[in-house]
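Working notes for the structure below.
Protein chains: 2
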Amino acid sequence: MGIELTPRSRQILEAIVEDYIETAEPVGSGAVARRHALTLSSATVRSVMANLEEMGLLTSPHTSAGRIPTEKAYRFYVDSLVALRQVSRDEKRQIISHCRHAGTGLSGILKETSRTLSQLSNYMGIVVAPSFTADVFRHIEFIRIGQRKILAVLVSNKGAVQNRLIETGDDYAPEELVRMGNYLNDRMQGLTITQVRKLILEEMASEKGQYDQLLSRTLKISEQAVRAEGDEIFVEGQARILDQPEFSDAARMKEIYQAFEQKGVLVQLLSRCMSAEGVQIYIGSETSLSQSAGISLITSRFVTSSNTVGMLGVIGPTRMGYSSVIPIVDYTARMISKLLSEV
Amino acid sequence: MGIELTPRSRQILEAIVEDYIETAEPVGSGAVARRHALTLSSATVRSVMANLEEMGLLTSPHTSAGRIPTEKAYRFYVDSLVALRQVSRDEKRQIISHCRHAGTGLSGILKETSRTLSQLSNYMGIVVAPSFTADVFRHIEFIRIGQRKILAVLVSNKGAVQNRLIETGDDYAPEELVRMGNYLNDRMQGLTITQVRKLILEEMASEKGQYDQLLSRTLKISEQAVRAEGDEIFVEGQARILDQPEFSDAARMKEIYQAFEQKGVLVQLLSRCMSAEGVQIYIGSETSLSQSAGISLITSRFVTSSNTVGMLGVIGPTRMGYSSVIPIVDYTARMISKLLSEV
DNA sequence: AAACAGCACTCATCACTGGCGAGTGCTAAC
DNA sequence: GTTAGCACTCGCCAGTGATGAGTGCTGTTT
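Listed in order, the protein sequences are those of chains A and B. Counting in this note's numbering, the first sequence runs from 5 upward without gaps. Counting in this note's numbering, the second sequence runs from 5 upward without gaps.
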């Protein structure tokens, strides 16, 4: 895995990656020698570049163009070359003020955050609302609060509580509701919320669930209680992709937009990120998005007071300003975590 | 307003509009004469076309290309020329089955609808969830249902009910809640929900709202009760815009996406449509979207069992297949209304 | 007068061309 | 090991001319 490079090769590779990130155009030996004052002639640089190409770190689009970094090069770059920029005072200010300012509830804050990410990075900002569907079911309770209104209180093993108001077709007696609760509490112990939901749906479809009156009523209500809260996901700044020269061509674009249209893809992609702490980076095909698209993803997770975990990050071209975006994502995640634990 | 045209001119204009809708290319006199078997020579058609151009119904992109319809022509076309297609059996089937199939609550149905619209029309589908913020406030009630949980029940003059669960920082006595309710019921009579919300926010900011304990608590809670439910809006099929040849160029595209990014623009645009019944059509600049973009909008509203009004429709290029999209939008709106009143 | 054939004219599009310049790999010299 | 020099490749660009679709006008026919 570890790639062996002389210091000079590293320096040159870094120069190429950064140049390419900046200009989006193949960089030639001359440019490297000139811009980086390496006291090396272009010819020397050339021979080094030839080496790097052999190692699979560079490719040339055609004979007499410069070279462009491969995915492998980006990977190496972020792993061991990139010098992370500090988050500037101004950026910090923006992040914080945007977070605070957004008034309307969690959704509002997260949406605003997504927008801020997009603005600061100049790529696409993305935020996945925390949900505890991966948590383990601990306790559920149904409370009658009106003629046809039931309050469901769902508690997970991490202590997160989810209240849900359910309107029903007919009336339920309090004793019946208690029995329902007990039934579920007995049977669902140890499963994750997602599994619980799945199980309920299966039972609903089975014959037993169809003909047993009481059971059927129980299932119908509990399904609503456990239903995932729209797994909210906020994407902002889609238009910014169009700023990137490599996507100015329509076919390319279409691919990307289609990929994102099934947000399912994103959800799947992001749920992977939930597990690990800290900033995570997926480059090109590592994202397992429509391969050829040349997309990268920088994410970090954040937590809330109720211990649920959400995800935020930035999607951009592989040729992305890692040195500045990584710190921004990191800082934003911390801030959001802090903000959400205060409440 | 009424444009005077001889039958023949009308026929030729219709032919041109329909040809252009199909091919997206300037249509010349020859094509019209040939394709529509009008027993007219191209020369005659030419002179008619010259007339139409003078009337502002056609323009030529340059001397020796055919002509393309102006907005005015489209307007005239939909007003008095277009022959609406029937909704095919297959399309009906798709609309109905998609509506039914979508499981998860209102959001799910509407999202699926938006997707269906996009699929059938091959343009962008859009659905705005019904909200009763424009309704008039009639009654509000707070019910204590747990240590720190309050249920707010809000009723509008049309009989629509909105329940909302509120979690509070500290505990409230039932009597206090009753008093709070009375206070609001007295003061907010006759205002729309939107106005109520605005008033509450204003009072919160005023000195009185800051220092009067009871008032402050009342406002804080009622604000949450009245808060607009995220004015949900579902847009699907954005990628389909890229199928349209006129938008294959990146700059053009960007304009559009940026316009849509502030969904505010859409909301504003669509709230206009809410007032009138039946299918409404906005062509080009009539949409008051980024002018030059050549976008058209076909919408219709739908109603729910609780008398709230939503909006659905299709956004596409001005050069849109009106004859088939109009009926689809119309039919879908009817179906959704029916489906939502059943529940 | 309405319809039309004929004609000169305009102009986008396309394929082809040659010049240019950036960049390369190789080799021979320091 | 480093570098200057050189021949070579190839994308890009501007210019060229042929092609063809489409137009407006004019004079003739019915």
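A virtual CB, placed ideally from N, CA and C, is assigned to each residue, including glycine.
By the C-beta criterion, the segment 281–288 of chain B is judged not to be in contact with the segment 250–268 of chain B, since fewer than 3 inter-stretch pairs fall below 8 Å. Looking at the DSSP output, ALA156 (chain A) shares a beta bridge with A:PHE146, A:ARG168. Listed along the chain, the chain B residues whose CB falls inside 7 Å of the CB of MET208 (chain A) amount to none; the nearest CB is some 11 Å away. With 16 or more neighbouring CB atoms inside 10 Å of its own CB, LEU273 (chain B) falls in the buried class. DSSP places TYR286 (chain B) within a strand segment (E or B) once states are collapsed to three.
A distance below 6 Å between beta-carbons, with the five flanking residues on each side excluded, links PHE80 (chain B) to the following residues of its chain, in chain order: ILE7. Chain B has no Cβ within less than 8 Å of the Cβ of ALA87 (chain A).
Nearest CB-CB separation between ASN167 (chain B) and chain A: below the 8 Å threshold. Rounded to the nearest whole angstrom, the CA to CA distance from SER252 (chain A) to THR27 (chain A) is 15 Å. LYS76 (chain B) has a beta carbon lying at 8 Å or more from every beta carbon in chain A.
For the pair ILE330 (chain B) and THR120 (chain B), the Cα-to-Cα distance works out to about 14 Å. Around the CB of ALA280 (chain B), fewer than 16 other CB atoms lie within 10 Å, so the residue is classed as exposed. Chain-ordered, the chain A residues with CB closer than 7 Å to the CB of LYS258 (chain B) read ALA243, LEU246.
For THR291 (chain A), no beta strand (DSSP E) run applies, since DSSP gives it neither H nor E. For LEU155 (chain B), the nearest beta carbon of chain A is closer than 8 Å to its own beta carbon. With its beta carbon at least 8 Å from every one in chain A, SER160 (chain B) lies outside the interface.
CA-to-CA, the gap between GLU207 (chain B) and MET59 (chain B) works out to about 56 Å. Buried is the label assigned to ALA229 (chain A), since at least 16 other Cβ atoms lie within 10 Å of its Cβ. Judged by pairs of C-beta atoms under 8 Å, the segment 129–139 of chain A touches the segment 308–320 of chain A, as three or more such pairs exist. For the options B:THR312, B:SER45, B:LEU62, B:VAL307, the alpha carbon positioned closest to that of THR336 (chain B) is the one of B:VAL307. Counting only runs of at least 4 residues, the segment 46–94 of chain B fully encloses the following alpha helix (DSSP H) elements, listed from N- to C-terminal order: 46–58, 75–80.
If you check each beta-carbon in the segment 275–289 of chain B against every beta-carbon of chain A, none falls closer than 9 Å. Taking 8 Å as the CB threshold, TYR335 (chain B) stays off the interface with chain A. Taking C-beta separations shorter than 8 Å and ignoring five residues to either side along the sequence, the partners of SER122 (chain A) in its chain run MET128, GLY129, GLU240, GLY241, ARG244, VAL318, following chain order. Taking CB atoms only, GLU265 (chain A) has a neighbour in chain B less than 8 Å away.
When DSSP states are grouped into helix, strand and coil, ILE302 (chain B) belongs to the strand group. Here THR120 (chain B) carries a helix assignment [DSSP, helix/strand/coil]. Distances from the CA of GLU346 (chain B) to each of B:HIS66, B:SER309, B:SER328 were compared; the closest alpha carbon is that of B:SER309. Between ASN311 (chain A) and ALA164 (chain A), the CB-CB gap stays under 8 Å. Spanning the alpha carbons of THR196 (chain A) and GLU22 (chain B) requires a straight line of approximately 56 Å. Nearest Cα to GLY185 (chain B) within the set B:ALA209, B:LEU218, B:GLN199, B:GLY213: B:LEU218. With a threshold of 8 Å between beta carbons, ILE149 (chain A) makes contact with chain B. GLY129 (chain A) is bridged by DSSP to A:GLU240, A:VAL318. Chain order gives the chain A residues near GLN262 (chain B) as ALA243, where near means a beta carbon separation below 7 Å. In terms of beta-carbon proximity, SER309 (chain A) stays away from the interface with chain B, with every pair separated by 8 Å or more. Among the residues of chain A, those whose CB is under 7 Å from the CB of SER252 (chain B) are ALA254, following chain order.
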